[in-house]
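Structure first, commentary second.
6 protein chains.
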Amino acid sequence: MTKRFVSELVAGSAIDEVFLLAQRNMAHKKDGNPFLNVTLSDRTGQVKGVVWDQVERIVAAVAEGDFVHVRAQVSEYRGSLQVVVKDMVRVPPEQVDVDDFLEATTRDVGKMLARLKEMTGRMKTPCLKALFDAFWADDAFVAAYVRAPAAKLMHHAYIGGLLEHTLSMAVLSEMIAGHYSGVDRDLLLAGVILHDVGKTRELEYTRSIDYSDEGRLLSHIIIGLSMLDEKLKQVPDFPELQAQLLKHMIVSHHGTRAFGSPEPPKTIEAVLLNFIDEMDSRVNSIREYVAKDPSDGSWTPYHRLLERHFYKGPRVSDSPEG
Amino acid sequence: MTKRFVSELVAGSAIDEVFLLAQRNMAHKKDGNPFLNVTLSDRTGQVKGVVWDQVERIVAAVAEGDFVHVRAQVSEYRGSLQVVVKDMVRVPPEQVDVDDFLEATTRDVGKMLARLKEMTGRMKTPCLKALFDAFWADDAFVAAYVRAPAAKLMHHAYIGGLLEHTLSMAVLSEMIAGHYSGVDRDLLLAGVILHDVGKTRELEYTRSIDYSDEGRLLSHIIIGLSMLDEKLKQVPDFPELQAQLLKHMIVSHHGTRAFGSPEPPKTIEAVLLNFIDEMDSRVNSIREYVAKDPSDGSWTPYHRLLERHFYKGPRVSDSPEG
Amino acid sequence: MTKRFVSELVAGSAIDEVFLLAQRNMAHKKDGNPFLNVTLSDRTGQVKGVVWDQVERIVAAVAEGDFVHVRAQVSEYRGSLQVVVKDMVRVPPEQVDVDDFLEATTRDVGKMLARLKEMTGRMKTPCLKALFDAFWADDAFVAAYVRAPAAKLMHHAYIGGLLEHTLSMAVLSEMIAGHYSGVDRDLLLAGVILHDVGKTRELEYTRSIDYSDEGRLLSHIIIGLSMLDEKLKQVPDFPELQAQLLKHMIVSHHGTRAFGSPEPPKTIEAVLLNFIDEMDSRVNSIREYVAKDPSDGSWTPYHRLLERHFYKGPRVSDSPEG
Amino acid sequence: MTKRFVSELVAGSAIDEVFLLAQRNMAHKKDGNPFLNVTLSDRTGQVKGVVWDQVERIVAAVAEGDFVHVRAQVSEYRGSLQVVVKDMVRVPPEQVDVDDFLEATTRDVGKMLARLKEMTGRMKTPCLKALFDAFWADDAFVAAYVRAPAAKLMHHAYIGGLLEHTLSMAVLSEMIAGHYSGVDRDLLLAGVILHDVGKTRELEYTRSIDYSDEGRLLSHIIIGLSMLDEKLKQVPDFPELQAQLLKHMIVSHHGTRAFGSPEPPKTIEAVLLNFIDEMDSRVNSIREYVAKDPSDGSWTPYHRLLERHFYKGPRVSDSPEG
Amino acid sequence: MTKRFVSELVAGSAIDEVFLLAQRNMAHKKDGNPFLNVTLSDRTGQVKGVVWDQVERIVAAVAEGDFVHVRAQVSEYRGSLQVVVKDMVRVPPEQVDVDDFLEATTRDVGKMLARLKEMTGRMKTPCLKALFDAFWADDAFVAAYVRAPAAKLMHHAYIGGLLEHTLSMAVLSEMIAGHYSGVDRDLLLAGVILHDVGKTRELEYTRSIDYSDEGRLLSHIIIGLSMLDEKLKQVPDFPELQAQLLKHMIVSHHGTRAFGSPEPPKTIEAVLLNFIDEMDSRVNSIREYVAKDPSDGSWTPYHRLLERHFYKGPRVSDSPEG
Amino acid sequence: MTKRFVSELVAGSAIDEVFLLAQRNMAHKKDGNPFLNVTLSDRTGQVKGVVWDQVERIVAAVAEGDFVHVRAQVSEYRGSLQVVVKDMVRVPPEQVDVDDFLEATTRDVGKMLARLKEMTGRMKTPCLKALFDAFWADDAFVAAYVRAPAAKLMHHAYIGGLLEHTLSMAVLSEMIAGHYSGVDRDLLLAGVILHDVGKTRELEYTRSIDYSDEGRLLSHIIIGLSMLDEKLKQVPDFPELQAQLLKHMIVSHHGTRAFGSPEPPKTIEAVLLNFIDEMDSRVNSIREYVAKDPSDGSWTPYHRLLERHFYKGPRVSDSPEG
């Protein structure tokens, strides 16, 4: 039987399903009896709930962060769904498919990786080609690289998001390197593929996506440079100047100091990397925001960070009379 | 005989050539006799000079803004070239090729325009196609559109620069509209072609490039919207919504209020237009800056507006061992 | 019988009155029975409420945005008033006075308009006088102009607010044009009357005040310029320079790019318009904020946008010993 | 019997204790009967509560701002503690120890003051020494100076906080004046001791810490300068230049106009005062934030004002293997 | 014989006139002989010059800051006027009219002061009226108040500028206090007259306008508050609240912390004072800028601080067809 | 014979000395004969000069960047010194003391280094102590560390400046770690000593101080982290957490992203490092600015970067009556 996801719940129905127990707080009714406020989640979202009965037994049996099998009734409370839990039992992690509980890319990870490898295989700069051979031969690196999200919240914030974002940028970078003369295609492509490798350690993404200690202390730019430094040592006679130009791509890819880059882009390739990164992140972030907005009408709710509503209504080309 | 340009002058040589007299100031030597400080220019730059003899006759004969035939000796003064003028006579404008005195695109204007027309000819949205038919049929508009610079100083600041910039963006926009699903290719392309049409009136570009009165009072965004409004009236039954979405492309193409857009981009097409415009302007501006830098070494002088030096040294891919 | 308004409700009383049903959400009690959370509003404010009984019948009969006749008991819940609804039935719009449901100016709209017309009638610049004759002769324009609010939230955010704000500015502009020599009184007055005409289309103000699609895509500055362009065509031989100076008043009236003006004020009249607009808006906004603050003491609550508390205590001149 | 503080309450226990009644709101149950929502506080924090019974009698007997004797049961509601009040009676202020209700420094106030006096006693600049003799001889001033908090919220926000902050800065200033040559130790120390004297009137700190009317209208910088002006008149022949240099320390101690200083620091002593003030405030503020964070793990919650999480985990020097 | 001013010099003429010797530097010709570069100034501007002969005698006789009688020939050098000095002798200050050397208001100082006194004479708040009686009775204060400039550079930067600026604001404040209900006219007027009194000591304005030591250390806001404090003590029983509200006018008149006000305006009168001050300063500053621009055309040069060109061309109302 | 430095030159004297030829430009006199404009420099400053005779021979013999022996006469030109060169011959670098041509610390470099080593020798955290043993054992590192300046322009911009700045901070950090409880003294000291090690490669400081290619591409923060990474590998079993906390000190020492730190300080030690660094840099920078100002009076010229004049006048404690 396929899992019923949070996004599929409707008021008035009954559920019998496994969720992640994200939060759990005990409270007391006026008569002095305890009850539980809980938050249940999976990769499609989260929902609040209450447990009125058998509270003590349940409290003893499940902890925050556990996977739990829940029998419950779905209702509405103050305009939101609320799950009234009848029973809740712990499920061992090995019995669940972890991927049900963290949102993931809908694209084929194997194909995306193969496409990136094909691109680095076409590089004409021997030292860069050798560098990527070293990266792709590192199984632990590849395993993390294909699984990491590209961010905690803003864009591509799901399992495989880093790879999806990187591949989209790589395709754009080939187009753009062909459009402008005087651009070093291999250097640009190398910068694109490496610019966010530090995300594999800046973030943790086992049961939920959050920053690691190392991520908070150092940032993915610093971590990525350290990872690159290590791999550069494995390529014999990597030219010092090329190493500095490549590191500069990572150092400067946020565009300005105010956004966390210690130096701004100073080569044409670094300038292009910054634009491609911003454009691809922004497009993905807006499309996710529009896609997740359940409201009617032509406009999304106000986007606090980008400080505007986005238009999601029809374009004339959609219609016969356009 | 081909003209000898300012950029070709060398200390120690003699010249016999036509320039624009950009500035002219009288001064007095210690012995009480007058002399002239002058600035001569053409499309390749400007040079300072002095007139020691026959000052009164020359002053009476030539005015600032005149084209002048100059016989002179080129020397150096405090590290710069200085022209010591022996004689200077006014030349009627009809005897000079105005294009020698304003920098212009090196690309073929006719081909660039044809390529743009071909693109609008492939539009599938009837109302947009009809709109561009109206624009291309307006000879006065086309004449200005193919001649206007894209800016006074920053990027594509030469005759034909607007067309060159627009075409480059149009090509990029076709690539990018193909890369991301859900983008209205015709709306994006229309926005690209129209985003800077107001530049044709914001700037004056007969003998030099500067702002017009209308440009200073209204800005090219406002002027462009007014030009679009006029053309929209010539297309029967242009859908109101499409008109607003198209105007929004012009309104928002600077990206933020701080950069002069009354509203930020709120459609995916307007977001893309803003990125493509910024990227193409920035790339052109850096390449011009690097190309015009005569200094040795791997770095340009400090760029005050962009607040950095740019790297112009070799990349490893340039070299055999790369 | 006069309507009892939201602002007049007191805990412990019963009501039998028509409101706008602003929001409606179903929820479920522990026993599984549904209830409704509702928000009722009129021009004096809004109040939350609950419906415990006959929920299904009511849900079927009324929708958000309907006018509803409500019988209920007013109580307090967590420090705010709460309406416990006994019955709720839909009322056709034609049976209500729409003005009861949107806050409106307390001033006489006819007199305010007459005063503005008297001022434009005294203009000595023929082309400007002719322009306003065209505006005042446009009944659809006048109908919108006297009804539009000046903003959604910040100041004069009520029906007729635009007219009230404009007239106050017009009176100030006559004083100030008389105070400083060298100010073109007619140009300043014309700018004052036209600076916000785009608000008539930027906002919607039938049942509530919000932005229109056109408003979000273009902003009132752009819309106002388009409206002015249209009217200018109806005045024969309107001098081009005067048209540009007048448009510049609208373009620059927000003072800086950061506040949405593509160009800053560059004429003395545009500079004055910006100051008069800011002063009148700020004064109105503070007075509204103070007037609506029900708290005791000498200070309003913290004003988040203006980042301060405002003093509302006595001045010494109020008191005998002052 | 020692008082049981808010910070010591645990769900499930009964209490019989005096608190400050910070807030009180009446509400109604579905059956029409009233109940009370209350907030109780003391120097360790605040807790929400409800009164279900005898509501009318209690409402008549106690007002916001009263000290109240409460008998109640502690429970949990939506993840927070909630006090279910059985009875509540007013307690006259003279029967309570006011210090139980406002957080205070844990250091010995008398010793701190003595240390400051010892430091001013060692001054070698006669006029400054005489100035502090005048301050210390002013009993009303000293009483306020040793009791005032250093801020409402940010740092040293407790009774005696101003003195604690000032003494810490004074000790640092002696070290630093010894470290750098050319620093006028007496001028720096005088600036340190006086920089925040205006806080004694900017804030009110009887039952809670908040701004006074004078504080909101003038700021502690202005008030402090006025207090200094008054004392300067009591010192015969105080040199005018020294008075200006000393006032400059107060004027500029926030470092920049944006932080409220009309002039930035222009003497080496004023520059040092600004750094010492910022460092000591920041260190105290972070340590308070870490100390009050009850959460597990190595990181505090996000600090909105300082825009980061703070690390509170172990350092290697804490551990045997460090 | 009337003085010939710097602004009246023309190339080719001879002069025999007194100036202020603003700068004096010795240099050497190639032949080893010394010469002098000098700067001469009066209230209309300054001009550079050279002394070729008798250099040693002149150096011994005149110093920077002296008034000097100059015989010379006026020529042009690199586009500017240059004075070739034949002789230069010191003139004792008592033999010159100091007002020839500092720019001054063109308005009647006595009448301006009388108008201000008339306005304070009409005050209905006894304590404020008494306060101004005390100010006007202080001869030293009045002497400085009618002579001080309002700024070093930006606006009303000439002798009597403070009075001219204050009176203009006072007249505006009466209009505006009459326009808006609920404004305390006396408090607003008092704030207007006192807001910049600190300028009398912040600036020095004997031979040139510059900041005083006290001005640099404290700012005119702080100095003005101290002057007010002193006068307040001379008015028996001045109400404490009124004193604070009046001081708040001075404290907040720059509008924001970033512009040097420790607190922003929090009363309606303080808000109005800030707008009136900004408007009057800006109008004066633009008009001075336009008036002093000798260039042809419709536009001033770029104004660096205000970041724009100003339009100085015709308005249609100027012309017959307007 | 001791060298005569640029700072010691006086108009009217003759010189016979070695300088660095910083700039060299040929120009032509009116008679067509060439001459040279040159700039000569040493560690005390630079001076402009001219060569009138034997120009061609000299041009052939010396290049920019050479050390040159100069015989000349010192005069004044337009208020500055000017050297009239009679003869100029190249001097091989091995014949000059390079230290005469770059400004250097006046403190004893050996003693400063010894003091730092003594401090690290007292560390109680074994892994940190071992880390510094590795650094001090690296002769190439130490040679660069004791010679590097701390900046190109702003503070400690001279040979040995990095060491002087670091030692001053180290002494302060010991005081402050003793003042506040809960500070890890060893971690703070380690951060202080390492925070700017990247400067040894970010800057070049052989004949003049400027940025290296690596410095412009990567910044000293990134370079320093890479140097630390390398040394950490030489310490067996360096705890991972300690490595991250130590790197965080370097990463965050500029305090905010806007100043080039990818992450802000998140530990109490990193917060203190940032304050100590800013304070020590600022104090040094102001003292250098005051020391190098030759002007009379109580104030320095306006400091563009710090946006103020600095007071350099007397303090009362300097005088008998203080």
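Residue numbers (the working numbering), protein chains in the order written: chain A, 22 to 343; chain B, 22 to 343; chain C, 22 to 343; chain D, 22 to 343; chain E, 22 to 343; chain F, 22 to 343. Built from N, CA and C at the ideal position, the CB exists for glycine as well.
Per DSSP, residue 82 (chain A) has no beta-bridge partner at all. DSSP places residue 40 (chain D) in the strand class (E or B) of the three-state scheme. Proximity of residue 316 (chain F) to chain E, defined by a Cβ-Cβ separation below 8 angstroms, is not satisfied.
For residue 262 (chain A), the closest C-alpha among the options F:263, F:236 and F:287 is that of F:236. Listed in chain order, the non-local C-beta contacts of residue 75 (chain C) below 8 angstroms within the same chain comprise 108, local neighbours out to five positions each way being set aside. Residue 259 (chain A) is not a Cβ neighbour of residue 299 (chain B), given a cutoff of 8 angstroms. A distance of 8 angstroms or more separates the beta carbons of residue 151 (chain E) and residue 83 (chain E). Excluding five sequence positions before and after residue 178 (chain F), the CB atoms of its chain that fall closer than 6 angstroms to its own CB belong to 170 and 172, given in chain order.
Contact of residue 287 (chain C) with chain E is assigned, a C-beta pair being separated by under 8 angstroms. It is roughly 21 angstroms from the alpha-carbon of residue 215 (chain E) to the alpha-carbon of residue 241 (chain D). The Cβ atoms of residue 175 (chain B) and residue 302 (chain B) sit closer than 8 angstroms to each other. Close to chain D, meaning a Cβ-Cβ distance shorter than 8 angstroms, are the following residues of the segment 244-276 of chain E: 246, 247, 250, 262, 265, 266, 268, 269 and 272. Using a Cβ-Cβ cut-off of 7 angstroms, residue 139 (chain F) is close to nothing in chain A; its nearest Cβ partner there is about 29 angstroms away. The beta carbon of residue 133 (chain C) sits no closer than 8 angstroms to any beta carbon of chain E.
Burial state of residue 68 (chain F) is buried, judged by a 10 Å Cβ sphere holding 16 or more other Cβ atoms. Contact of residue 43 (chain B) with chain E is not assigned, every C-beta pair being separated by 8 angstroms or more. For residue 210 (chain C), the closest C-alpha among the options C:94, C:226, C:224 and C:193 is that of C:193. Chain-order list of chain E residues neighbouring residue 303 (chain C): 292 and 296, by C-beta distance under 8 angstroms. Against residue 97 (chain F), the close residues of chain E are 46, 47, 48, 49 and 55, in the order they occur along the chain (beta-carbon pairs closer than 8 angstroms). Residue 153 (chain B) does not reach chain A, its nearest Cβ partner there being about 14 angstroms away, counting only Cβ pairs nearer than 7 angstroms. By the neighbour-count criterion, in which 16 or more other beta carbons inside 10 Å mark a residue as buried, residue 229 (chain C) falls on the exposed side.
The DSSP-derived three-state label of residue 299 (chain E) is helix. Among the CB atoms of chain E, one or more fall inside 8 angstroms of the CB of residue 237 (chain B).
Residues of the segment 222-235 of chain C with a C-beta atom less than 8 angstroms from some C-beta of chain B are 234 and 235, listed in chain order.
Taking 8 angstroms as the threshold, the shortest C-beta distance from residue 319 (chain F) to chain E falls below it.
Taking 9 angstroms as the cut-off between beta carbons, the residues of the segment 172-192 of chain D near chain F are 189 and 192, in sequence order.
Listed along chain C, the residues sitting closer than 9 angstroms to residue 330 (chain A) by beta-carbon distance are 232 and 237. Per DSSP, the continuous beta strand (DSSP E) segment holding residue 225 (chain F) begins and ends at 224-226. By the neighbour-count definition (other C-beta atoms within 10 Å, threshold 16), residue 316 (chain E) is an exposed residue.
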